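Quick note on numbering: the working numbering labels position 33 of the sequence shown as 33, and the sequence is numbered without any gaps.
Every residue gets a Cβ at the ideal spot worked out from N, C-alpha and C, and that includes glycine.
Quantities reported herein were computed from a predicted structural model and do not represent experimental measurements.
Since the structure comes first, as structure tokens, the remarks are kept for the end.
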Amino acid sequence: MGSEDDLEVGDGVVIPGWELYFTSTRSGGPGGQHANTSNTRVILHWPVAQTTALDEAQKRRVMARLSGYINEEGVMMMASSETRSQHRNKEDARKRMAERVHKALQRPKRRVRTKPSRAAKRRRVEEKRRRGEKKALRKAPKRRDW
1 MGSEDDLEVG
11 DGVVIPGWEL
21 YFTSTRSGGP
31 GGQHANTSNT
41 RVILHWPVAQ
51 TTALDEAQKR
61 RVMARLSGYI
71 NEEGVMMMAS
81 SETRSQHRNK
91 EDARKRMAER
101 VHKALQRPKR
111 RVRTKPSRAA
121 KRRRVEEKRR
131 RGEKKALRKA
141 PKRRDW
């Protein structure tokens, strides 16, 4: 079966652990001595363009929908600096990446076209008539009406 480093996205899609890699940096914001000396911010990298986990259509869909997270080389990056622990930030980044990729792979449901009801048509026409009357009142009165 898969290794524990594999990332389960859902719907049968599993990103192999060997395709994912992490980099760590200093976390921003306040935190004093701990934040200034620890590389707790984690960035999870996944080369979407070269992945074996997705077929070509899925790759195009992910790259189109998640373009804000993907650089020009086709590598998706997900950063996390929510906690003071590098390990928890790694788990958070993995979870967020899986959620976003899963959502990007979902096909949008097709809208079922419906016709407006008779009452809705009547309301629309009545509203148009009222709007026309209101605008007609803005006109200057005709000379013979004086």
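For a test of the three-state rule: what should DSSP assign to Arg41, helix, strand or coil? strand
Determine whether the beta carbon atoms of Arg60 and Ala104 lie at a separation below 7 Å. no
Per-residue burial, Leu137 [other beta carbons within 10 Å of its own, 16 or more giving buried]: exposed
On the three-state DSSP scale, how would you describe Ser27? coil
Taking Cβ to Cβ, would you say Val42 is nearer than 7 Å to Lys109? no
Ignoring anything shorter than 4 residues or poking outside the segment 62-137, list the alpha helix (DSSP H) runs there in chain order. 86-105, 118-137
Where do the N-terminal and C-terminal ends of the beta strand (DSSP E) with Glu8 fall, by residue? 7-10
So does the segment 16-31 actually touch the segment 41-58, counting three or more Cβ pairs closer than 8 Å? Yes, the segment 16-31 is in contact with the segment 41-58.
Over what stretch of residues does the beta strand (DSSP E) that includes Val48 continue unbroken? Run containing Val48: none; DSSP gives neither H nor E here.
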